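Colleague: If you scroll down you'll find the structure; I have some questions about it.
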Amino acid sequence: MNSLLVENPGWMTTVQDLGRPGFGVLGVSPSGAADPVALQLGNLLLGNAPGAAALEMTLVGGRYLFPEGGVIALAGADFGAKLNGQPVEMWIPHAVRAGGTLELGLTRSGARCYLCVAGGIQVEKFLGSASTHLLSGLGGFAGRGLHKGDVLQLGAAEQRIRRRSISPRVLETLKLRKCLRVTKGPQADWFSEAATRGFFEGTFRVSEDSDRLGLRLEGASLALESPREMSSEGVSLGAVQVTPSGQPIILFVEQQTAGGYPKIANVIGEDLHCVGQLRPRDEITFARVSLEEARALWIAHQQLLNSGEELFA
Amino acid sequence: MEFRAASDQAMLVYLGEEIGLESHQRVFQLLRLLQQEPLAWVRNLQPAYCSLLVSFDPCAVDHHEVEATLRRYEERAEKMALPQPRVVEIPVCYGGEFGPDLEEVAAAHNLSPSRVIELHLSQSYRAYFLGFAPGFAYLGDLPAEIATPRLGTPRKKVVAGSVAIAGTQTAVYPFATPGGWRLIGRTPLKVFCKEREPMGLIAVGDEVRFRAITREEFAAWPPR
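Line order of the protein sequences matches chains A and B. For the first sequence, the numbering used here gives the first residue as 19, with consecutive numbering after it. For the second sequence, the numbering used here gives the first residue as 946, with consecutive numbering after it.
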């Protein structure tokens, strides 16, 4: 069986797939790739199932050795990857010879780059998913980020290069947005008019203190019309909750499943993969859309991802 | 039943206004009905004190259809008989290094630490729902005499098994996570274990009782 040896894990590299939805009753959040679009496209390039497990690298790539070789594709942010010292293109399959090394540096675009391998990364699944949940140390490879010296098993796969790339039209449709579209949050009416204006007219900066649990934003302080208490309730992925200090936080893939802060808005499903590519100090704005528009965008997005050969150039 | 869109793919269903057994029962009834007769488009159910968050597949349904369908479940959910709660007993070694906030909680209420322990042990608690981390159950309600606000600054790391209180709730931390609740003791039990069935020690709807154990019993757990 082919394997992958971690020579340097970069800043934070974890095994991720499309997560484990459906276990909220146990207090388990879905987790999964921060940019599921990149993960799926990377896998499809290799002929894998779209949700096969891959490595999610954060801001800094690292170095990975393939003792038996393999076939790989890089998707998501550009980390300046080199295969055996030669620059390699993103979004196309590459053959790696036995003993080949992939080295990636600092990000040149978004926050996360996915290293997809033919056959997928094989780890023991937890509640049906290979995703790492860092807070609880469950899932993925030993429930943690990768360390130097870790050896990961790769799934059996036909070691054949498919000469294909993602169609420019698809990449254009799925391109990253810095203006995130949101629907109204369940407590949107609790906020003052000034806060609502500040939220939609202001620019917010992603704080250094952001991770897979949530992205803290710096910008206009968002006040409630009048102080109000609420009891904790289930929180949806992409909810923009506001703490008593007035600071908004976008709840992300490893979020707490319930929380007691009012939510002013919720990032639409179609734009969640853009959240996964936001880096600290990136600046973003918000634009309001209706539930109907958000749904239409999501359906179109799913149809595109499921369009088979039309995805490829 | 009151409905509010949470996101383009999730609906909040409110079934009460006050934290308490009455709201909990209505949430639990609807949850059980949806677990027994699953709807194909439901992606996740997240119960809380007074609400159920229903995440759905927007390719299959929209918010109007979610609301219409759940309204049809409403009457049947209300008639749903709930089983007697399962009783879960949790051994706790209180105070000292296991409960670094016990003295402060006692001082805040002008009670002795032993009186705080006595009050914490004086009743059983309902597991309203699980959240925060896998297996973390929100247990209520604490005797009013020991209800204490959470810490101003959360700890960066709480030891797994820590028994804590915040507001009118109590809980056991399943993992070493950050935490803002006040720590009064620790259990030697594993709260969440992926090799066990069920994985969680406490499930929604359970009745939880604490039992005091000594440091020696804690160190020698499990008893022979």
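We put the CB at the ideal spot given by N, CA and C, even for glycine. Note that the structure is a prediction, hence the values are computed from the model and not measured.
#1: Hey, does phenylalanine 973 (chain B) have any beta-carbon neighbour from chain A nearer than 8 Å?
#2: Below 8 Å on the Cβ atoms is my contact criterion, and I expect arginine 230 (chain A) with valine 307 (chain A) to pass it. Report the Cβ-Cβ distance as a whole number of Å.
#3: Suppose the cutoff is 7 Å on Cβ atoms and the five residues either side in sequence are ignored; what does the same chain contact list for glutamate 251 (chain A) look like?
#4: Quick check on arginine 306 (chain A) - is its C-beta less than 8 Å from some C-beta in chain B?
#5: If you compare alpha carbons, which of A:Gly80, A:Ala72, A:Thr32, A:Val46 is closest to arginine 25 (chain A)?
#6: So, is the C-beta of glutamine 140 (chain A) closer than 8 Å to a C-beta in chain B?
#7: Report yes or no: is there a C-beta of chain B within less than 8 Å of the C-beta of isoleucine 267 (chain A)?
#8: Please name the residues in the stretch 1011-1041 of chain B whose beta-carbon is closer than 9 Å to at least one beta-carbon of chain A, in chain order.
#9: Can you say whether serine 49 (chain A) is buried or exposed, counting buried as having 16 or more other CB atoms within 10 angstroms of its CB?
#10: Near glycine 237 (chain A), what residues of its chain come up, given a Cβ to Cβ distance below 7 Å and the 5 sequence neighbours on each side ignored?
#11: Please name the residue, chosen from A:Leu23, A:Pro204, A:Gln140, that lies closest to histidine 165 (chain A) on a Cα-to-Cα basis.
#12: Along chain B, which residues have their Cβ under 7 Å away from the Cβ of isoleucine 286 (chain A)?
#13: Less than 8 Å between the C-beta atoms of aspartate 53 (chain A) and glutamine 295 (chain A), yes or no?
#14: With lysine 1024 (chain B) as the anchor, note down where its alpha helix (DSSP H) starts and where it stops.
#15: Could you give the C-beta distance for proline 1088 (chain B) and glutamine 1114 (chain B), rounded to a whole number, given that I count them as a contact under 8 Å?
#16: With 9 Å as the C-beta to C-beta threshold (strictly closer), list the residues of the stretch 41-56 of chain A near chain B in chain order.
#17: So is leucine 153 (chain A) in contact with chain B if we call contact Cβ pairs under 8 Å?
#18: Determine whether the Cβ of glycine 1080 (chain B) lies closer than 8 Å to any Cβ atom of chain A.
#19: So, is glutamine 974 (chain B) buried or exposed, given that buried needs 16 or more other C-beta atoms within 10 angstroms?
#20: Contact between the stretch 1087-1104 of chain B and the stretch 65-79 of chain A: three or more CB pairs below 8 Å?
#21: Counting only beta-carbon atoms, is alanine 993 (chain B) nearer than 8 Å to chain A?
#22: From alanine 993 (chain B) to phenylalanine 1074 (chain B), what does the alpha carbon distance come to, in whole angstroms?
#23: Within 10 Å of its beta-carbon, does histidine 1009 (chain B) have 16 or more other beta-carbons around it, so buried, or fewer, so exposed?
#24: Nearest CA to the CA of leucine 1128 (chain B): which residue from B:Leu1134, B:Leu1084, B:Ser1107, B:Phe1137?
#25: Please confirm whether glycine 256 (chain A) has its beta-carbon closer than 8 Å to some beta-carbon of chain B.
#26: Taking DSSP as the reference, what is the three-state secondary structure of asparagine 102 (chain A)?
#27: Please state the DSSP three-state secondary structure of glutamate 74 (chain A).
#28: Can you find a heavy atom of the ligand FMN that lies under 7 Å from the Cβ of glutamate 1161 (chain B)?
#29: Going by beta-carbon coordinates alone, are glycine 65 (chain A) and alanine 136 (chain A) separated by less than 8 Å?
#30: I need the DSSP call for proline 1036 (chain B), collapsed to helix, strand or coil.
#31: Along the chain, where does the beta strand (DSSP E) that runs through valine 200 (chain A) open and close?
Modeller: If we stick to the structure as given:
#1: For the purposes of this step, residue 973 (chain B) is identified with residue 28 of the second sequence, where counting begins at 1. Judged by the 8 Å Cβ criterion, phenylalanine 973 (chain B) is not in contact with chain A.
#2: Sequence index remark: in the first sequence, residue 230 (chain A) carries index 212 (1-based). Sequence index remark: in the first sequence, residue 307 (chain A) carries index 289 (1-based). With 8 Å as the limit, arginine 230 (chain A) and valine 307 (chain A) do not qualify as a contact, their Cβ atoms being about 25 Å apart.
#3: By 1-based counting over the first sequence, the position of residue 251 (chain A) is 233. Counting only Cβ-Cβ distances below 7 Å, and skipping sequence neighbours, we find Ala276.
#4: Taking the first sequence and counting its residues from 1, the one referred to as residue 306 (chain A) is at position 288. Answer no: the Cβ-Cβ gap between arginine 306 (chain A) and chain B never drops below 8 Å.
#5: On the first sequence, position 7 is the one that residue 25 (chain A) refers to. Rather than arginine, the amino acid found at residue 25 (chain A) in this sequence is glutamate. If we check each option's Cα against that of glutamate 25 (chain A), A:Gly80 comes out closest.
#6: Translated into the one-based positions of the first sequence, residue 140 (chain A) becomes position 122. So, not an interface residue.
#7: Position 249 of the first sequence, counting from 1, holds the residue named residue 267 (chain A). No, isoleucine 267 (chain A) lies away from the interface with chain B (no Cβ there is under 8 Å from its Cβ).
#8: none
#9: Counting from 1 along the first sequence, the entry for residue 49 (chain A) is found at position 31. Classification for serine 49 (chain A): buried.
#10: Locating residue 237 (chain A) in the first sequence gives position 219, where the first residue counts as 1. So the qualifying residues of the chain are Gly220, Thr221, Phe222, Arg223.
#11: Here residue 165 (chain A) refers to the residue found at position 147 of the first sequence. Per the Cα distances, A:Leu23.
#12: Reading the first sequence from its first residue, position 268 is the one you call residue 286 (chain A). Ordered by position in chain B, the residues that pass the 7 Å Cβ test against isoleucine 286 (chain A) are Asp953.
#13: What you label residue 53 (chain A) is simply residue 35 of the first sequence in a count that begins at 1. What you label residue 295 (chain A) is simply residue 277 of the first sequence in a count that begins at 1. For aspartate 53 (chain A) and glutamine 295 (chain A), yes; Cβs fall inside 8 Å.
#14: The residue labelled residue 1024 (chain B) in the question sits at position 79 within the second sequence. Unbroken alpha helix (DSSP H) run through lysine 1024 (chain B): 1008-1024.
#15: For the purposes of this step, residue 1088 (chain B) is identified with residue 143 of the second sequence, where counting begins at 1. For the purposes of this step, residue 1114 (chain B) is identified with residue 169 of the second sequence, where counting begins at 1. Actually they do not touch by this definition, with Cβ atoms about 12 Å apart.
#16: Phe41, Gly42, Val43, Leu44, Gly45, Val46, Ser47, Pro48
#17: For the purposes of this step, residue 153 (chain A) is taken as the residue at position 135 of the first sequence. Judged by the 8 Å Cβ criterion, leucine 153 (chain A) is in contact with chain B.
#18: As a working mapping, residue 1080 (chain B) is identified with position 135 in the second sequence. Yes, glycine 1080 (chain B) counts as interfacial toward chain A.
#19: Along the second sequence, read from residue 1 onward, the residue named residue 974 (chain B) stands at position 29. Buried, because 16 or more other Cβ atoms sit within 10 Å of the Cβ of glutamine 974 (chain B).
#20: no
#21: Position 48 of the second sequence, counted from the start, is the residue given in the question as residue 993 (chain B). It does: the Cβ of alanine 993 (chain B) has a partner Cβ on chain A nearer than 8 Å.
#22: Looking up residue 993 (chain B) in the second sequence gives position 48. Looking up residue 1074 (chain B) in the second sequence gives position 129. So the two alpha carbons sit approximately 5 Å from each other.
#23: Position 64 of the second sequence holds residue 1009 (chain B). Answer is exposed; the Cβ neighbour count stays below 16.
#24: Residue 1128 (chain B) sits at position 183 when you count from the first residue of the second sequence. Among B:Leu1134, B:Leu1084, B:Ser1107, B:Phe1137, the Cα nearest to that of leucine 1128 (chain B) is on B:Ser1107.
#25: Numbered from its first residue, the first sequence carries residue 256 (chain A) at position 238. By this cut-off, glycine 256 (chain A) is an interface position.
#26: Here residue 102 (chain A) corresponds to residue number 84 of the first sequence, with the count starting at 1. Coil.
#27: Locating residue 74 (chain A) in the first sequence gives position 56, counting from the first residue. Of the three classes helix, strand and coil, the one that applies to glutamate 74 (chain A) here is strand, per DSSP.
#28: Of ligands this structure carries none, so the ligand FMN is not represented either.
#29: Locating residue 65 (chain A) in the first sequence gives position 47, counting from the first residue. Locating residue 136 (chain A) in the first sequence gives position 118, counting from the first residue. It is a contact, given that the beta carbons lie within the stated cut-off.
#30: Along the second sequence, one-based indexing puts residue 1036 (chain B) at 91. Three-state DSSP puts proline 1036 (chain B) in a strand.
#31: Taking the first sequence and counting its residues from 1, one reaches residue 200 (chain A) at position 182. Run containing valine 200 (chain A): 197-202, per the beta strand (DSSP E) assignment.
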